[in-house]
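Following: one structure in structure tokens, then a few remarks.
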Amino acid sequence: MLLLRYKSFLMANPTKYTIFKTKWGYFGLAAGGKGLLRTCLSCPTCKTAECHLLAGLHNPRFEKNLLKPLQDKIIAYFEGHPAKFATPLALNHLPPFTQNVLTACRKIPFGKTISYSQLAAMIGKPLASRAVGNALAKNPIPLIIPCHRVIRSDGSLGQFSACGGTKTKKKLLDLERKC
DNA sequence: GTCCCGTCCTGTC
DNA sequence: GACAGGACGGGAC
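Start counting the first sequence at 53; every next residue gets the next number (the working numbering).
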């Protein structure tokens with residue numbers, strides 16, 4: 053069902069993408085008609101980033117200067133400069149609960165962390181921490197939606213589904229704390 | 001520190 | 001519609 057919704061969304065919104073180099077490796081951005089669709093975080097090679105980014109996308113077209121201001125912000129971010137990513141996102145293909153979770157997650161300030169239960173409370177479902185974790189696991193736009201700022205209530209990191217796993221999550225948090 | 005159960009959403013059949 | 005699984009929380013031991 054969800055896959056069908058996602059496929060029809062992609063068919064209706066032909067995508068453009070770009071891969072660029074940052075201090076942490078190659079970063080990929082894919083955008084559809086209504087905004088940013090997907091990101092791929094600090095991959096070791098350009099090819100890996102491309103594979104992760106383009107899986108399942110309909111007829112993607114490479115565009116070197118796609119969302120250039122955002123590219124510059126991301127490069128600066130990995131060099132240790134605080135950044136706020138205000139780019140419009142295309143989340144319509146996701147279930148409403150997931151959209152709520154990801155939208156609330158965007159409000160977490162740079163360098164701050166909150167727990168899964170606090171994020172659950174922000175969307176009015178204080179007991180849905182586990183469901184919040186599920187929603188974050190489906191985050192197609194890591195970094196821009198800062199799901200790395202959501203940790204467990206006992207202070208441990210929890211999981212991270214983007215490229216690099218919990219190591220990347222820890223590195224991102226360390227980077228933001230140093231800024 | 002570990003176990004267990006409650007909670008709640010999603011995906012699959 | 002039912003059921004199982006999951007990036008969790010919190011109490012009991």
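Just so you know, even glycine gets a beta-carbon here, dropped at the ideal spot from N, CA and C.
DSSP places cysteine 157 in the helix class (H, G or I) of the three-state scheme. DSSP places leucine 224 inside the alpha helix (DSSP H), whose first and last residues are 217 to 230. Residue pairing by DSSP places threonine 70 opposite Leu81 in a beta bridge. For serine 94, the uninterrupted beta strand (DSSP E) run begins and ends at 87 to 95, by DSSP. The Cβ neighbour count for alanine 156, taken over all protein chains shown within 10 Å, is at least 16; the residue is labelled buried.
In this model, glycine 84 and tyrosine 69 are separated by some 9 Å (Cα to Cα). Counting only the Cα atoms, glycine 185 lies some 22 Å from glutamate 228. Taking all protein chains shown into account, serine 94 has 16 or more neighbouring C-beta atoms within 10 Å of its C-beta and is therefore buried. Three or more beta-carbon pairs separated by less than 8 Å link the stretch 203 to 212 to the stretch 157 to 170, which places the two stretches in contact.
In the structure shown, arginine 113 falls within a strand segment according to DSSP collapsed to helix, strand and coil. Straight-line measurement puts the Cα of glycine 216 at about 20 Å from the Cα of alanine 128. Bounds of the alpha helix (DSSP H) holding asparagine 186 are 181 to 189. Cβ-Cβ distances below 6 Å link alanine 180 to Ala172 in the same chain, with the five nearest sequence neighbours on each side left out; the list follows chain order. If you draw a 10 Å sphere on the C-beta of phenylalanine 212, you find 16 or more other C-beta atoms in it, and that means buried. One thing to note: leucine 109 has its Cβ no nearer than 9 Å to the Cβ of threonine 139.
If you check the CB distance, leucine 195 and leucine 224 come in under 9 Å. Taking all protein chains in view, the Cβ of arginine 201 is crowded by 16 or more other Cβ atoms within 10 Å, so the residue is classified as buried.
The Cβ-Cβ distance between glycine 176 and cysteine 231 does not fall below 9 Å.
Proline 198 sits away from leucine 89, with the two beta carbons spaced by 9 Å or more.
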